Each structure stands twice: as C-alpha cells, then as structure tokens.
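Peer 1:
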Amino acid sequence: MFTCVPQPLLDERKIRRMFGNGVKNVWIPRDTETLDQLVKEREQTAVRLEKAEYKLIKMANVERNRQAKMAAKAAAKTGADPEAGYTDADLKNGTPLVNVKKSVSCSSNSGSIRDSHEPPRERRVATSPEPPEILSADVRVNTLSSDDLVSPTDSHSHRTSESKDEKTALEEYLASRANINGSVAAQWVPVEKRPSHRPLANMGKRVDTIKWTRNKLKELAPRINKLRRAYRNGKGKPIPTIFVEFNTLSEAQGAYQILAHHRAFHMSPNIVGVRPREIVWSTMKMMWWERIIRRFFVQGFIAVMVVFWSIPSAFVGIISNVNWLSTKVPFLHWVKDLPGTILGLISGLLPAVALSMLMSIVPAVLRGCARAAGCPTTAKVELFVQHAYFIFQVVQVFLITTLASAASASIGSILSNPASIRALLSANLPKASNFYVSYFLLQGIAMSAGRMAQVVNLVRFTVRPNSSENLRKISKRWYRLRRVHWGSVFPVFTNMAVIAISYSVIAPVVLGFASAGLLLVYAAYRYNILYVYDSEFDTRGLCYPRALKQSIIGLYFAEICLFGLFTIQNAFGPVVIIVGLLIFTILVHMSLDNALGPLLYNLPQTLAVEEEDFQRSIGMMPPISEPDSPDVEDLNVRLDEVDEHDNDLDDASSSAPFHTGYESTRAIEGTEGTVSMVKDVLKGKLESKLPLNKMLDTLTAAFAPLFTPDPNIKPNFFMRWLHPEVYDDYMVLRRTVPVDLPIPTYNPEEIRDAYLTPSMWKPAPTIWIPKDVAGVSVQECTHSGKVINITDEGAWLDEETCGLIIDMERPSPVIEKRIRY
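So the sequence shown is residues 1 to 821, counted in UniProt numbering.
(1) Compare the beta carbon distance of M359 and F2 with 7 Å and say whether it is the shorter of the two.
(2) So, at 8 Å on beta carbons, what are the nonlocal neighbours of L200 in its own chain, with the 5 sequence-adjacent residues on each side left out?
(3) Does N270 come out as helix, strand or coil in the three-state DSSP assignment?
(4) Give me the DSSP bridge partner(s) of I805.
(5) Examine the Cβ distances between the segment 278-289 and the segment 361-381 and report whether three or more of them are shorter than 8 Å.
(6) Give me the DSSP bridge partner(s) of D534.
(7) Return the CA-CA distance between E251 and I713, expressed in angstroms with no decimal places.
(8) Cα-Cα, which of Q779, P765, L804 is closest to V47?
(9) Whole angstroms are fine: how far does the CA of K51 sit from the CA of Y755?
(10) For G444, does the count of other Cβ atoms within 10 angstroms reach 16, so buried, or fall short, so exposed?
(11) To which residues of the same chain is H589 closer than 7 Å at the C-beta, ignoring the five residues directly before and after it?
(12) Please state whether DSSP places I790 in a helix, a strand or coil.
(13) What's the gap between the Cα of W27 and the Cα of S591?
(14) Could you spell out the range, first to last residue, of the beta strand (DSSP E) harbouring W212?
(15) What's the gap between the Cα of V773 and the Cα of V184?
(16) What residues are listed by DSSP as bridge partners for N25?
(17) Determine the contact status of I769 and D798, defining contact as a CB-CB distance below 7 Å.
(18) Could you tell me if V5 is buried or exposed, where buried requires 16 or more neighbouring beta carbons within 10 angstroms of its beta carbon?
(19) Skipping 5 residues on each side, what residues in its chain have a beta carbon closer than 7 Å to that of L555?
(20) By the 10 Å Cβ neighbour count, where 16 or more other Cβ atoms means buried, how is V385 classified, buried or exposed?
(21) Along the alpha helix (DSSP H) that carries L587, what are the first and last residues, could you check?
(22) So, under 8 Å CB-CB, A255 and F440 are touching, yes? Tell me the CB distance rounded to an integer number of Å.
(23) In three-state terms, what does DSSP make of W478?
(24) Taking its Cβ as the centre, do 16 or more other Cβ atoms sit within 10 Å of Y54, making it buried, or is it exposed?
(25) Kindly confirm or deny that the segment 447-461 and the segment 522-541 touch, where touching means at least three C-beta pairs closer than 8 Å.
(26) Rounded C-beta distance between V39 and S759? I'm assuming under 8 Å.
(27) How should V125 be labelled, buried or exposed, when 16 other C-beta atoms within 10 angstroms of its C-beta is the threshold for buried?
(28) State whether the segment 207-214 contacts the segment 61-76, with contact taken as three or more CB pairs (one from each stretch) at a distance under 8 Å.
(29) Measure the alpha-carbon distance for Q396 versus R214 and round it to whole angstroms.
(30) With a 10 Å radius around its C-beta and 16 neighbouring C-beta atoms as the bar for buried, classify T494 as buried or exposed.
(31) Kindly provide the ranges of any alpha helix (DSSP H) runs that are 4 or more residues long and lie completely inside the segment 305-391, ordered along the chain.
(32) If you run the structure through DSSP and keep just helix, strand and coil, what is W768?
(33) Would you call the segment 21-37 and the segment 232-245 touching, i.e. three or more CB-CB distances under 8 Å?
(34) Write down the C-beta distance between V492 and Y503 rounded to the nearest angstrom, noting that I regard them as a contact closer than 8 Å.
(35) Please state the DSSP three-state secondary structure of R206.
(36) Anyone know if the C-beta pair for G487 and E382 falls short of 7 Å?
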C-alpha cells in the first residue's frame, strides 16, 4: 500500500512501468463519499426496521397472551369450556371477531397430535433450541367456514384421527398466516400502538416505522447499485492511495524497500502485507502535508493531556499516605479512628484500583488521536497507541505517583525548611515503593484472576445469555472471540518492568513482587491467547520488540536515581562510575536500534533462498538442475586459445616502462625490507617480554564457543536463550509450521473488490427476527422480504414469557463469512 501518491501516478500503466513485470494486480480506489453515505443510511434503516419488527412481534404476543388469560378467567367464572369454541348459533347471531383457540401440540417422537383433554407434558427450558411443544395460537378471524368449526362432541375423535408430524403441522400453520389479508399483528396491536418515529425528513411528523423503513430501503437499493456501476466505470476522483499486488513476496519486499518517489513524503508511508479489513479508509484521502499538520496537532494534544492528567494521578499518590495526611489535615482526623483493615485497604488497595481505572480511559482517547493523525491501518493505530500510552504509564503511574507519594510524606518539613528538599526526597523515595508493592499484587493477582475467570462473560453467556433482546448483538457476541487491543495491553506490563528495574537499586524487595505478579499475568495471558482471544489486529509481531526496547527506560531511571543519590551525598567516585555506565547504556541502546531496526520492518532476501531450500528438502519443489560439466580436453584447448589471443598489448607496448607514481619520487633501494625486518624483531622481543598475544589467543579460544556456538551440538537452556539466532532461527521455526495448509482461492468479484472502499462491495444486511406462534413473523418476513433479506429461522419467542430462544448450534444468518487473505 502506497499513500500520499501524486495525481500523475494514479494510473495503472505507470505503476506497472515503475515496478516492472512483477506486478500482478493494481487497485486505485476512488472517492465514494456519496455512496458511503447511502450505504451507511441503508444499514441504519435496516437496523431500525429490525428493531421495529421485533418490537411489533413481542407486543402482539404479549397482548395475545393477556387476552388468552382474560378469556380463561372469564370461562372459569361462567363454567364454560374455553377449548370448545363457538357454535353455529353464535355466528348466525353476529358474534363479532371471536377468539378460536386451536391446540396443535405434537411430539417429535410419535408425530401424533395430542388430545386437548390430556394433561400437558413438561415444557422445555428457555434455552432449548427447539420451539415449545405446546403451540397454542389464538387466531382472530372475520369469517369462519363450516370446515373450521368443530363441535365439542366430536372434537376428540377428530383430533385423534390426525397423524401429522410436529414440524409439518407448525410449518403449515405458520405458512397460512403469510397469506392473510391485512396485518396479523393488527388483531392484538392497534394502529396507534405500532412502532413509530418522527424523521427529520418528514418535518418531524409521526410515521409508521415498519412501512417507512421498507419504502426507504426500496428507494436506496437502485441508487446504490447505480452509483456502484458508475464508480466502476471510472466516475469519481481517485484518492491518493494505491494498492499493488506482486507475484512473489520477494518482489513485494523489493518494491517496499526501495525509494519509490524522488520527493519527500510522496508515496509514503508505504506498508507491505496489508489485509483489506485492516485499512482505515478515513485516512486514505489525506495528502502528505495534511498528515504532517495533523500529527503535530495530535502530538501537542497528547502532551497537554499528559500534563493535565497529572492532577488526578498525583491525588491518587497522595491517598497512599493517608496515615500522615490524617495527622496534618484537620478535616481528615476521622481517618485515624478507622479499623486497621479498612485503613490498610484505603492506603494500599484503593489507590491502585483508582489508578488502574483512571488509566483505562486513556487508550480509547489515544485511538481516536491515532486515526486523526492519519494512521493508515489498524496495526499502525495499535502501535501509535502503544507508544503514546507507554508515555502516559511512565509519567502518570510511575513518575508523578512516586514524586507525589514521596513529597506528601515530607511536605511539612519541606514547607518549614525548603533547603532540605533534596535530603528529604532521597530519604523518602524508597518509602514510595510501598505503593508499587500493592500495585504489583493487584495487577498480578486480581488481573490474572479476572482474565482467567472471565466474570463478565460468565454472566453474559450463562446467567443472562439473552438479556440484550437483540438477536444481532447476541449472535455476534456468541460466535466471535473477544478482540484484544495489544496497543493498550503491552504498555501496562512494560511499565511494570520499568518500575521494577528502577526500584531494583532503591528498594530491591519490589523485584520479588514484580516477578511474581508478571509470572501470574504470563500464565493468564498464555491461556487466553490460546483459547479465548482473537487476534484481529495483526501488528506483524512489532509490539513485543518495541516493549522490550521501551523497558530499557527503567535502566535509565535507575542510573539517574543513583546519580541523584550519590550527588546529594557528595560521593564523587560513584558519580563518575554512574556517568560512565549511563554513557555506556546509551551507546548500547543506539547500537541495538541500528542492528535490529532494519530487521523488524524489512524481510531479508536470504529468507527467500532458505524457504526454497526448505521446500526442496520436503519435496515441494524440484531440485536445482546442475549444468553439464564441459570436457576437460576441450577446456584445455579453450584456455590455450585464450593465452594466445587474449593480449591487448603488443610487443612494443609491453616493453615500454610502466610508472605507478610520480617521476620525481625517489626511494632508497631495500628500505621496505629493512623496515619489515625491524618490525619483526621488535614484535618478537615484545612477545617474549609481554606474552599479551598468547593471553588474548587463550581467552579467545576459551570464549569462542560462548559467542560462536556450534549449531550441530545440542545446546543447554542457557545457550539456547543466549543464541536464539542459532538455535531458533528461521529454518528451525519454519519446520514447526504445517506445510499442508490450504491455499485460499478467490472468485473474480472478491479480487476485483478486495482493496476498494467497503461501500463498493458491502452487501445489504440481513434482518433477523424471532419466530412466534401467532404467525406475525411469517407475515412480516413475506412483506419485508420484498425489499431486503429477512429471516425468522433459528430464533423463537417463548409462548408464555415472550423471551428469546436462540439456537446457537446452527449458523447465524447475520454473521458474514470471513475471507482469509
């Protein structure tokens, strides 16, 4: 993907000329703002229709159950049988719109319809994927034929003679509801109680939601299709972003690593291996100067946010010293009277919890900043969040909290004697580690336990699985794993490592608690990554090495703290040593960045050769055919010919003198030999007196296996950890990847629309409503199905409670099939 592409280069022919014959496909998206708005409006309208349909179905069934209960109570008072129906005399006398109760209760095993006088069998639980066994429906009709009337005397014989299957009887009954003239729901829901809203386009007048959304969807469909055809035919201005697919990964890496344009910030940033669903399309239209301006403003906003976020963070740090505050602040004197357990929770656990909740708000804000700054993919957004959130963690959780905790313990002495601030801070700085002991325990025990128990998901999926009353949300929550935003996960634990390293020389006891906490977190996240989490945000493994490099900040802080403590004590010698260590740390950090930086973002060409060798070793590629070796006699003849004819100088020119220097330069004959002899003599004398070279050779031979190990020798744990480039290199890890993974195939439409804006290919959403025994859903599917895809399969309304019953074992109609790129 190339962004900030100049207008003249937004041409497929020029792109193919630029990158050669390795180009396979080129996508140049166009500005489809009008189409985007129409597609978004269609999705909102479809969701509104789905909610209105569900509301109507539930209202009709609730009212139907209410009327059935009232009829049963009235029949009990008069002594009549509510199951008997009405006689011909009642109809002749003009009985208006009566309720006729049909009992269609079938068994999935026997397939026979049960007699209404039999005792009802045990009903299924609410989580059963099958519809309720007793499917009684009160149907309000305008006219009844003689075939529909059943007298009380022969009703029993009529029902026992039927032998239809339960599913067939239910389907026939519900299918009959779709062809009824008028609205089935109108029998229980009057017009004024139907779902309605007041759209702005209608001047705020009240409209029927279902009818209005159907007409709106019918109007939007041809407009969307017309615009899509126009954009595919070349209408619209192309956006300054192109997507280029190459035949091989090596060719793609070659195009990625070269300098694509001769002007600064043009065709940059470029990213390799971008999947279509990772693209942040709102940033694709930005020009290079717009990205620069936006990034400057976002960085300034984050800097201001860091500064002003220090106020609540400092307050949290002050709470950790509530014992001292209760003696100095008059209105907090009641704190001293609290029990020891509660006081310990306030000073230890409460600040850690408050700080964690305070910092949990930051990642959402930073993700908005990343998109505003122009990050082109979700992976870049996560990396941006990781970098900025780490700064927040270090400044707020570490620096501000440490300084506030240390200063609050000695604020009285500082106010009385400001000159003693250095000594007081140096004395109270180790005491601030008490807060981080609680912080490590909270992060290690509480966070790991929460990640393992998944209390929220336990309640969501087990205790109240259908509490949302939204089939779409329930289905997506059930079928999709929880996504992890690694940009906000890594900084928390990187900051824990920074704190532990910083306090390792001030309060070494912190190392034990930090190690235990991180070990518990490691176990919890390892389990969740394998079985619970879904990795939709693929950063190509860049979060982990960035976190390792960020943890070196802890070493800087430790050395700076030691420098400050030694300076306060006027210890000149240790100060010089710490300065030397600080300079050495900076040099090592710079060398690591220079050595490992290119390997993190670029794919070496040697890996392509190793991959070919690996495939040949397992028989996936044919071996390299060696050229035929020439005959030895023929080769000798050719060499003789070269010796005779391959001479550019004739005899005259070869006898001419050849000068390699200035003619005026003179040298004493034999000087070079004399100098070499003197050097050899002096070197021998020095080696005999000072056997330095022998010592160096001995040390080199002793440490050679440690720095350059033999890959053929089985290593121990230490050598494997010290040299992953030897024992865990590409070929070792490649053998762990299955070689029989299926190669994905794509149809022409998927290839054509892969890197176009989502509005160019996104289908209309499918509406999912629950099936009900009153038959309202069947009629609504028939009417709404003329303008949009709608189904009532796989979900039911409970006959008595009108609660949702969802079959989670069958495929969800609202979950889109993922395309594996």
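Note that the Cβ used here is the ideal one computed from N, Cα and C, for glycine as well. Just so we're clear, the structure is a prediction, and the values are computed from it rather than from any experiment.
Peer 2: On the basis of the data shown:
(1) On the sequence shown, residue 359 is found 359 positions in, with the first residue counted as 1. On the sequence shown, residue 2 is found 2 positions in, with the first residue counted as 1. Their beta carbons are not under 7 Å apart, which means M359 does not touch F2 by this criterion.
(2) Counting from 1 along the sequence shown, the entry for residue 200 is found at position 200. Here the set comprises nothing.
(3) Taking the sequence shown and counting its residues from 1, one reaches residue 270 at position 270. Correct three-state label for N270: strand.
(4) Counted from its first residue, the sequence shown places residue 805 at position 805. I805 pairs with W796.
(5) yes
(6) By one-based count along the sequence shown, residue 534 stands at place 534. D534 is bridged to R483.
(7) Sequence index remark: in the sequence shown, residue 251 carries index 251 (1-based). Sequence index remark: in the sequence shown, residue 713 carries index 713 (1-based). About 36 Å.
(8) Here residue 47 corresponds to residue number 47 of the sequence shown, with the count starting at 1. The shortest C-alpha separation from V47 is found at P765.
(9) As a first step, residue 755 is located in the sequence shown; it is residue number 755 there, counting from the start. As a first step, residue 51 is located in the sequence shown; it is residue number 51 there, counting from the start. Approximately 32 Å between the Cα atoms of the pair.
(10) As a working note, residue 444 is residue 444 in the sequence shown. Burial call: buried.
(11) Sequence index remark: in the sequence shown, residue 589 carries index 589 (1-based). Excluding positions up to five away in sequence, the list reads I552.
(12) The residue given as residue 790 occupies position 790 in the sequence shown. Correct three-state label for I790: strand.
(13) Within the sequence shown, the letter at position 27 stands for residue 27. Within the sequence shown, the letter at position 591 stands for residue 591. If you take the alpha carbons of W27 and S591, they lie about 40 Å apart.
(14) Translated into positions along the sequence shown, residue 212 becomes position 212. It is not in any beta strand (DSSP E) - W212 instead sits in the alpha helix (DSSP H) that spans 209-232.
(15) Counting from 1 along the sequence shown, the entry for residue 773 is found at position 773. Counting from 1 along the sequence shown, the entry for residue 184 is found at position 184. Whole-angstrom Cα-Cα distance: 12 Å.
(16) On the sequence shown, position 25 is the one that residue 25 refers to. Paired residue(s): E245.
(17) Taking the first residue of the sequence shown as 1, we reach residue 769 at position 769. Taking the first residue of the sequence shown as 1, we reach residue 798 at position 798. Cβ distance not < 7 Å, so I769 and D798 don't count as in contact.
(18) Numbered from its first residue, the sequence shown carries residue 5 at position 5. With 16 or more other Cβ atoms within 10 Å, it is buried.
(19) On the sequence shown, residue 555 is found 555 positions in, with the first residue counted as 1. Only I501, T585 meet the Cβ criterion.
(20) Mapped onto the sequence shown, residue 385 falls at position 385. When all chains shown are included, V385 counts as buried.
(21) As a working note, residue 587 is residue 587 in the sequence shown. Start and end: 572-601.
(22) Taking the sequence shown and counting its residues from 1, one reaches residue 255 at position 255. Taking the sequence shown and counting its residues from 1, one reaches residue 440 at position 440. Their Cβ separation, rounded to whole angstroms, is 47 Å, which puts A255 and F440 out of contact at 8 Å.
(23) On the sequence shown, position 478 is the one that residue 478 refers to. W478: helix per DSSP, three-state reduction.
(24) Stepping through the sequence shown from its first residue, residue 54 is reached at position 54. Per the 10 Å Cβ criterion, buried.
(25) yes
(26) Position 39 of the sequence shown, counted from the first residue, corresponds to residue 39. Position 759 of the sequence shown, counted from the first residue, corresponds to residue 759. So it is a contact: roughly 4 Å between Cβ atoms.
(27) Taking the sequence shown and counting its residues from 1, one reaches residue 125 at position 125. Unreliable positioning characterises V125 in this predicted model, as indicated by a pLDDT of 34, which lies under 50. A coordinate reading is not provided.
(28) no
(29) In the sequence shown, residue 396 corresponds to position 396, counting from 1. In the sequence shown, residue 214 corresponds to position 214, counting from 1. One C-alpha to the other measures close to 53 Å.
(30) To locate residue 494, count along the sequence shown from 1; it is residue 494. That one is buried.
(31) 310-319, 322-328, 340-344, 350-359, 362-373
(32) Counting from one through the sequence shown, the residue named residue 768 turns up at place 768. If DSSP states are grouped into helix, strand and coil, W768 belongs with the strands.
(33) yes
(34) The residue you call residue 492 lines up with position 492 of the sequence shown. The residue you call residue 503 lines up with position 503 of the sequence shown. Contact flag wrong, Cβ pair sits at about 17 Å.
(35) Taking the sequence shown and counting its residues from 1, one reaches residue 206 at position 206. Three-state result, R206: coil.
(36) For the purposes of this step, residue 487 is identified with residue 487 of the sequence shown, where counting begins at 1. For the purposes of this step, residue 382 is identified with residue 382 of the sequence shown, where counting begins at 1. Against a cut-off of 7 Å, the Cβ pair of E382 and G487 comes out as a contact.
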